[in-house]
Each structure stands twice: as structure tokens, then as C-alpha cells.
Amino acid sequence: ETESRAVESNAKIASLNNSKVKELRSGSLYNIVNHTSNIPGGKISKSKKLIKNNISQAGYNIISNIDLSQHHYAHPSGRPEPMKEARRSSSRKPDHEFDIISNLYRENNKEKQHSDSQRMKK
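Per the numbering used here, the sequence shown starts with residue 651, numbered consecutively.
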């Protein structure tokens, strides 16, 4: 019985070690909740930066739709070089006829809501 317990304990330890290796291989390097390193020893290599300068392929801020040379979080001296003119999606132009935030149609709201309510009654 002691022998089977030892074998079972060794198998459990091996399984836990394999799980920890998998977690370290695919998980985050840094714990953002308690601000500690997830790597044993607590050192993160210098080659793996937590924040990269420009991870976007767009040459403009995708939220404000303004060039990165004008609207960027970095100091003006540390901003990325302007890219060739990229195709911009116009975020200010509505693509849908119904606005889910205001819960209203963009055009002819009263008529469309009335027709919707009529369809719901059927």
C-alpha cells in the first residue's frame, strides 16, 4: 500500500509539473492583478517587452481616425514614422440604418418604429 501511495504521489506531482509548464508556455508573463512576474525567479527577459511601440498595422488611430503623428500616446519624439496612405474606414459615417446605442432609426424613426410595432402585433 505504501508503494502504491508513492507511485500515485509521483504521478500527481508529474501531472502538476506538466500543467505548470503548459501554463508558462502559453500564458502571460506578468500578473496584472498583483503586479508580479509569472515566471519562476521573477525575471522577464529584456527581449520580451510587455508594451510594444506600434502593434497596429494602421497608420492612424483606429478610434479617432487621426494620423498617429498627431494623435498617439507616446511623446512626439517617440511616435512612429508616418506610413504610406492607408485605406481608412470612416468610423463617423453610419453603415446601419438602426443605431443600437440610441435605440432609434437614423432616418424616419417614427414611421419605422410604428411599422415595427404593427409587425409585432401580428
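We put the beta carbon where it would ideally sit given N, CA and C, even for glycine.
query: What is the residue span of the alpha helix (DSSP H) that R756 lies within?
result: Position 106 of the sequence shown, counted from the start, is the residue given in the question as residue 756. Taken as a continuous stretch (DSSP letters only), R756 belongs to no alpha helix (DSSP H), as it is neither H nor E.
task: Hey, could you find the ends of the alpha helix (DSSP H) S654 is sitting in?
output: Working through the sequence shown from its first residue, we reach residue 654 at position 4. Run containing S654: T652 to S676, per the alpha helix (DSSP H) assignment.
task: Look at the Cβ atom of I689, then the Cβ atom of L666, and state whether they are nearer than 8 Å.
output: As a first step, residue 689 is located in the sequence shown; it is residue number 39 there, counting from the start. As a first step, residue 666 is located in the sequence shown; it is residue number 16 there, counting from the start. Not in contact: I689 and L666 (Cβ atoms no closer than 8 Å).
- prompt: Going by DSSP, which residues form a beta bridge with S687?
  reply: Taking the sequence shown and counting its residues from 1, one reaches residue 687 at position 37. Answer by DSSP bridge pairing, in chain order: Y680.
- prompt: From the DSSP output, which residues share a beta bridge with D749?
  reply: For the purposes of this step, residue 749 is taken as residue 99 along the sequence shown, with counting starting at 1. Beta-bridge pairing links D749 to L754.
task: Leaving aside the five residues before and after S678 along the sequence, list all residues of the same chain whose C-beta is less than 8 Å from its C-beta, in chain order.
output: Locating residue 678 in the sequence shown gives position 28, where the first residue counts as 1. So the qualifying residues of the chain are N688.
- prompt: If you draw a straight line from the alpha carbon of S714 to that of A724, how long is it in whole angstroms?
  reply: Position 64 of the sequence shown, counting from 1, holds the residue named residue 714. Position 74 of the sequence shown, counting from 1, holds the residue named residue 724. When rounded, the distance between both Cα atoms is 16 Å.
- prompt: What is the rounded straight-line gap between the Cα of E757 and the Cα of N711?
  reply: Here residue 757 is taken as the residue at index 107 of the sequence shown, counted from 1. Here residue 711 is taken as the residue at index 61 of the sequence shown, counted from 1. The alpha-carbon atoms of E757 and N711 are separated by roughly 29 Å.
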